[in-house]
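Adding 227 to a residue's 1-based position in the sequence shown gives its number in this note's numbering. Heads up: the structure comes next, in structure tokens.
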Amino acid sequence: MAIFRTSGIECGEKSKKGVPCRKFVPEDFKAVQNPIVYYLLPWVPWMSIFIMVLLLIMKNLNFFSDKVIISWLPIIISGYFIAGMSLFGQRLFIKQIPKFFIELWCRKIIIGAFQSRTVSSNINSKDSIVMVSANIQLEERYLQFINEIQKRLNNSWQWLFGIIGFSLTLLWNPLRTLNNFPVMGNYSLNNDWNSLDFWQYFIQQNWHFLNELPVSLIAFMLGLMIWRMYVASTSIDKLVDQFQFEPKLGHQDMSGGLSPLGNLCLWNCTIASLPSIYLSGWLLMGNLNNFTSPYPEVPNYYTYEFLILLLSLSILPIVFCFIRPLWKVHREMNYWRNSKHERLHEVGHLIHLSEFRLLHDTEKIEPEEFELINKDLERMKTIYTQNKKLPIWPFNMKILGKLLATYIIPIVSLISTSISMFQDLRHF
228 MAIFRTSGIE
238 CGEKSKKGVP
248 CRKFVPEDFK
258 AVQNPIVYYL
268 LPWVPWMSIF
278 IMVLLLIMKN
288 LNFFSDKVII
298 SWLPIIISGY
308 FIAGMSLFGQ
318 RLFIKQIPKF
328 FIELWCRKII
338 IGAFQSRTVS
348 SNINSKDSIV
358 MVSANIQLEE
368 RYLQFINEIQ
378 KRLNNSWQWL
388 FGIIGFSLTL
398 LWNPLRTLNN
408 FPVMGNYSLN
418 NDWNSLDFWQ
428 YFIQQNWHFL
438 NELPVSLIAF
448 MLGLMIWRMY
458 VASTSIDKLV
468 DQFQFEPKLG
478 HQDMSGGLSP
488 LGNLCLWNCT
498 IASLPSIYLS
508 GWLLMGNLNN
518 FTSPYPEVPN
528 YYTYEFLILL
538 LSLSILPIVF
548 CFIRPLWKVH
558 REMNYWRNSK
568 HERLHEVGHL
578 IHLSEFRLLH
588 DTEKIEPEEF
598 ELINKDLERM
608 KTIYTQNKKL
618 PIWPFNMKIL
628 GKLLATYIIP
638 IVSLISTSIS
648 MFQDLRHF
């Protein structure tokens with residue numbers, strides 16, 4: 228399936244009328260090809276929001292009488308909201324995936340392709356690299372790479388992720404709470420019951436089914452999207468393995484022009500951080516200790532449980548969605564910087580020779596020659612200063628600041644809850 232309607236990649240060239248071409252719009256790129264998933268994806272997030280609103284209405288109408296269910300309703304309702312927001316974000320993200328890679332192309336970062344690339348024990352070794360023959364067009368090869376991303380996004384492995392999400396949510400809560408919580412109501416049908424009593428009785432008796440089934444459908448869709456987030460991050464590895472890139476000296480993004488890769492991982496990591504924001508919010512509210520613990524000897528059971536989950540869900544996205552995908556790019560940029568520094572050392576030596584001559588041959592140098600040497604010296608010093616600190620990561624402080632802002636709430640929650648836990652442990 229052709230990705231682009233045009234034969235090449237448009238990089239914002241102007242048309243005959245002087246109107247800029249639409250930049251980086253892969254109209255035929257299908258991040259979701261399955262027709263059922265394609266038509267369900269826009270509706271499932273709204274279903275999550277609808278269930279959230281429905282539960283709020285039912286709570287206000289006193290449909291629930293069991294104290295345990297009532298106490299957990301705020302957490303359940305906010306969970307639906309986070310799930311809906313996550314699906315909204317993932318849906319937007321998968322549409323942006325090809326644009327990040329095409330923006331990289333438009334910046335002239337990609338300068339060559341590899342026919343094969345074996346792994347060398349020396350990271351800086353290029354001896355194992357075989358360049359593609361000249362008759363293979365680089366642009367066609369890059370379009371083929373984007374087409375491969377599309378195929379991987381729709382790989383059959385996505386169903387495994389969806390089934391795992393569906394099964395875990397369908398079975399987790401009933402099995403976990405079977406012996407711990409009185410989830411059934413205390414209603415009894417008699418001759419004078421009314422319609423409200425009947426629906427209260429029905430909802431109480433079927434609470435797990437009514438709650439877990441829509442959650443499982445949402446989790447199924449989340450599983451499909453998680454697969455796509457995984458493909459997006461691993462595509463950066465494949466980019467490094469298949470193409471040779473050259474960071475741009477003095478690029479305004481302060482990361483050698485490679486910030487599109489940093490932005491891709493920022494999107495990925497931000498979406499993956501939503502569960503940790505959800506957990507940290509409830510930890511900061513500090514009312515988890517009000518819930519009846521299934522273990523009397525551990526009254527703060529849910530605080531500990533949420534804290535462990537928060538720690539895991541905060542570290543894992545940063546490692547697997549941000550640091551790990553960009554690590555290969557970092558190694559290549561580090562090699563690039565070292566190669567530029569070799570040339571910079573030569574410039575430094577020339578500066579030394581010029582300074583030495585000006586110092587020791589002052590009397591012998593004519594004024595005109597002195598001016599020429601001095602101008603060359605200033606020029607070399609400028610070059611040396613500008614290129615002394617070259618970027619070795621495909622992100623800048625702006626991207627790093629956004630990542631930090633995303634994790635402000637989880638970080639504050641971890642610190643606050645940990646301090647409270649240590650204070651509690653001191654009493655034992």
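The beta carbon of each residue, even a glycine, is placed where N, CA and C say it ideally should be.
{"Query": "Roughly how many angstroms separate the alpha carbons of Trp554 and Trp386, rounded to a whole number?", "Result": "28 Å"}
{"Query": "Runs of 4 residues minimum, wholly inside the region 426-509: which ones carry the alpha helix (DSSP H) assignment?", "Result": "434-469 and 486-499"}
{"Query": "Could you tell me whether the Cβ atoms of Asn495 and Ala446 are closer together than 7 Å?", "Result": "no"}
{"Query": "Out of curiosity, what's the CA-to-CA distance linking Met607 and Glu595?", "Result": "19 Å"}
{"Query": "Determine the DSSP secondary structure at Tyr340, reduced to helix, strand or coil.", "Result": "The sequence given here has Ala at residue 340, not Tyr. Ala340: strand per DSSP, three-state reduction."}
{"Query": "Who are the Cβ neighbours of Leu397 in its own chain at under 7 Å, not counting the five residues just before and after it?", "Result": "Glu439 and Ser443"}
{"Query": "So what does DSSP say about Tyr634, is it helix, strand or coil?", "Result": "coil"}
{"Query": "Could you name the residues of the same chain whose beta carbon sits closer than 8 Å to that of Ser643, not counting the 5 residues immediately before and after it, in chain order?", "Result": "Leu510 and Leu511"}
{"Query": "Leaving out the 5 sequence neighbours to the left and right, which residues in its chain are closer than 6 Å to Ala258 when beta-carbon positions are compared?", "Result": "Ile321 and Leu380"}
{"Query": "With a CB to CB cut of under 6 Å and the five nearest residues on each side skipped, what residues in its chain are close to Arg334?", "Result": "Gly484"}
{"Query": "Taking C-beta to C-beta, are Ala340 and Phe470 nearer than 7 Å?", "Result": "yes"}
{"Query": "Tell me the rounded alpha-carbon separation between Lys629 and Asn623.", "Result": "10 Å"}
{"Query": "Taking 7 Å as the limit between beta carbons, can you name the residues of its chain near Phe388, skipping five residues before and five after?", "Result": "Gly450, Leu451, Ile453 and Trp454"}
{"Query": "In terms of residue numbering, what span does the alpha helix (DSSP H) encompassing Arg570 cover?", "Result": "Arg551 to His587"}
{"Query": "Considering only the alpha carbon of each residue, which of Met560, Gln317 and Met274 lies closest to Pro474?", "Result": "Met560"}
{"Query": "Does DSSP put Asn417 in a helix, in a strand, or in coil?", "Result": "Because Asn417 carries a pLDDT of 49, less than 50, the predicted location of this residue cannot be relied on, and the following value inherits that uncertainty. It is coil, neither helix nor strand."}
{"Query": "Give the range of the alpha helix (DSSP H) segment to which Lys616 is assigned.", "Result": "It is not in any alpha helix (DSSP H) - Lys616 carries neither H nor E in the DSSP assignment."}
{"Query": "Could you spell out the range, first to last residue, of the alpha helix (DSSP H) harbouring Arg368?", "Result": "Leu365 to Leu380"}
{"Query": "Please classify Lys335: does DSSP put it in a helix, a strand, or coil?", "Result": "coil"}
{"Query": "Roughly how many angstroms lie between the CA atoms of Pro637 and Leu491, to the nearest whole one?", "Result": "22 Å"}
{"Query": "Tell me whether Gln260 sits in a helix, a strand or coil according to DSSP, three-state version.", "Result": "coil"}
{"Query": "Apply the 10 Å Cβ neighbour rule to Glu330 and answer buried if 16 or more other Cβ atoms are within range, or exposed otherwise.", "Result": "buried"}
{"Query": "Run through DSSP, which three-state label would Glu605 get?", "Result": "helix"}
{"Query": "On the three-state DSSP scale, how would you describe Glu596?", "Result": "helix"}
{"Query": "Using beta-carbon positions only, say whether Pro544 and Ser500 come within less than 7 Å of one another.", "Result": "yes"}
{"Query": "Taking just the CA atoms, how far does Pro618 sit from Met481?", "Result": "7 Å"}
{"Query": "Comparing C-alpha positions only, which one of Met448, Thr497, Tyr457 and Arg368 sits nearest to Ser394?", "Result": "Met448"}
{"Query": "Since Ser275 is in the alpha helix (DSSP H), which residue starts that stretch and which ends it?", "Result": "Val271 to Asn287"}
{"Query": "What is the C-beta distance between Ser507 and Ser640, in whole angstroms, given that I count them as a contact (C-beta under 8 Å)?", "Result": "3 Å"}
{"Query": "Exposed or buried, what is Val709 when buried is set at 16 or more other beta-carbons lying within 10 Å of its beta-carbon?", "Result": "Summary: the structure shown does not reach residue 709, with the chain confined to residues 228 through 655, and so no result is reported for it."}
{"Query": "Between which residues of its own chain and Ile278 is the CB-CB distance below 6 Å, once the five residues before and five after are set aside?", "Result": "Tyr307 and Pro441"}
{"Query": "Taking the alpha-carbon positions, what's the Glu375 to Ile337 distance?", "Result": "17 Å"}
{"Query": "Using a Cβ-based criterion (distance less than 6 Å to any ligand heavy atom), does Leu631 qualify as near the ligand GTP?", "Result": "Absence of the ligand GTP is noted for the structure shown, with no ligands found whatsoever."}
{"Query": "Which residues in the same chain as Tyr505 place their Cβ atom closer than 8 Å to its Cβ, once the five residues preceding and following it in sequence are excluded?", "Result": "Ser305, Gly306 and Ile309"}
{"Query": "At the level of alpha carbons, what is the spacing between Val467 and Leu627?", "Result": "22 Å"}
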